[in-house]
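J.: Here it is: the structure, laid out below.
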DNA sequence: GTATTACCTAGTAATTCTGTAGGTAAGAAT
DNA sequence: ATTCTTACCTACAGAATTACTAGGTAATAC
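Chains as they are written, first to last, in this note's numbering: chain P, 1 to 136; chain Y, 1001 to 1136.
Here is the structure:
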């Protein structure tokens, strides 16, 4: 599995924001209810998105979250990399992983590298605006 | 992570067989030692490959495993699908997974489907013979 | 029959995933 | 100033998966 619920929820929430449009801040509680995601779990995801600079957040009444760019300026890749902590298809190629002792002579390494690049290009080529267009 | 050690070990072993060539059966113990893989763990992988019809196996002295086709007739995809039990990038698209309640209206579904197809095409387009050529 | 090999069932330690629980801090309304 | 609403933070926990290990059984060669 390359994309867990965390990343998928993050995408759904971003699409949700984009779909509603507007400048208003939307409280987490409302999003959790409408998307059917556990409020507490969503909290951690929203904090990640906020810290990553993908959404603006304000406290207090009338507060909540909102996008700080237009939907076409968010690539799916950037969101997944933030929330999933990377997109490597095998541990060999993921950042921070202990370097494989066989990487020097590994016959599969070029294949993994190529796959990683392909997946990265794929996700970087899709934006939240593109996902919106898929809506019925 | 889309490919675990199980699948990666399986690939390594298949390349190992291809590299040695020949008609001789090679005992599991020997492969485990040379590849630095736990003998017991490799056992379960070899049994999978054997049951899947990817290798021939014979018991007793002089026995072991060997390929039953030429390296260019094994795609990486077929080996990974067997040992990993599929290659779906998200649970939404994997066989046997509980159908997502939102699949009807999921705006990301077409993206996941496209990704799955891309990954499948990628792995089905590479054979063990191709990996061998990468060798130094 | 004995040594050698593959095959089978079950368990287990470590890690990751998917959340929960409970509190703290910031800002708005009163 | 107090209260209400919201985001933010730390820590834990149950479930699932991964990566192995243990110990035996069956087939084949000698």
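Each residue gets a CB set at the ideal place from its N, CA and C atoms; glycine is no exception.
Note that the structure is a prediction, hence the values are computed from the model and not measured.
#1: Give me the Cα-Cα distance between residue 1033(Y) and residue 93(P), rounded to the nearest whole angstrom.
#2: So which of 1107(Y), 1056(Y), 1047(Y), 1081(Y) has the shortest CA-CA distance to residue 1070(Y)?
#3: Beta carbons nearer than 7 Å to chain Y: which residues of the segment 22-46 of chain P have them?
#4: Are any of the Cβ atoms in chain Y nearer than 8 Å to that of residue 134(P)?
#5: Measure from the C-beta of residue 1013(Y) to each C-beta in chain P and report whether the shortest distance is under 8 Å.
#6: Ignoring anything shorter than 3 residues or poking outside the segment 35-107 of chain P, list the beta strand (DSSP E) runs there in chain order.
#7: Within 8 Å (strictly less), CB to CB, does residue 1008(Y) reach chain P?
#8: Helix, strand or coil for residue 1026(Y), going by three-state DSSP, please let me know.
#9: At what residues does the alpha helix (DSSP H) containing residue 5(P) begin and finish?
#10: Anyone know if the C-beta pair for residue 1039(Y) and residue 1049(Y) falls short of 8 Å?
#11: I want to see whether chain Y comes within less than 8 Å of residue 80(P), judged by CB atoms only; does it?
#12: For residue 1041(Y), count neighbouring Cβ atoms within 10 angstroms of its own Cβ and tell me buried if that reaches 16, exposed if not.
#13: With contact counted as at least three CB pairs below 8 Å, one residue from each stretch, are the segment 2-22 of chain P and the segment 75-88 of chain P in contact?
#14: For the pair the segment 109-117 of chain P and the segment 1012-1021 of chain Y, tell me if three or more CB-CB distances fall below 8 Å.
#15: Closer than 9 Å between beta carbons: that is the criterion. Which residues of the segment 1111-1132 of chain Y meet it against chain P?
T.: On the basis of the supplied data:
#1: Here the C-alpha atom of residue 1033(Y) lies approximately 25 Å from the C-alpha atom of residue 93(P).
#2: 1056(Y)
#3: none
#4: yes
#5: No, its Cβ sits nowhere closer than 8 Å to a Cβ of chain P.
#6: 55-58, 64-67
#7: yes
#8: strand
#9: 5-20
#10: no
#11: no
#12: exposed
#13: yes
#14: When C-beta atoms of the segment 109-117 of chain P are compared with those of the segment 1012-1021 of chain Y, fewer than three pairs fall below 8 Å, so the two segments do not count as touching.
#15: 1111, 1112, 1114, 1115, 1118, 1119, 1122, 1123, 1126, 1130, 1131, 1132
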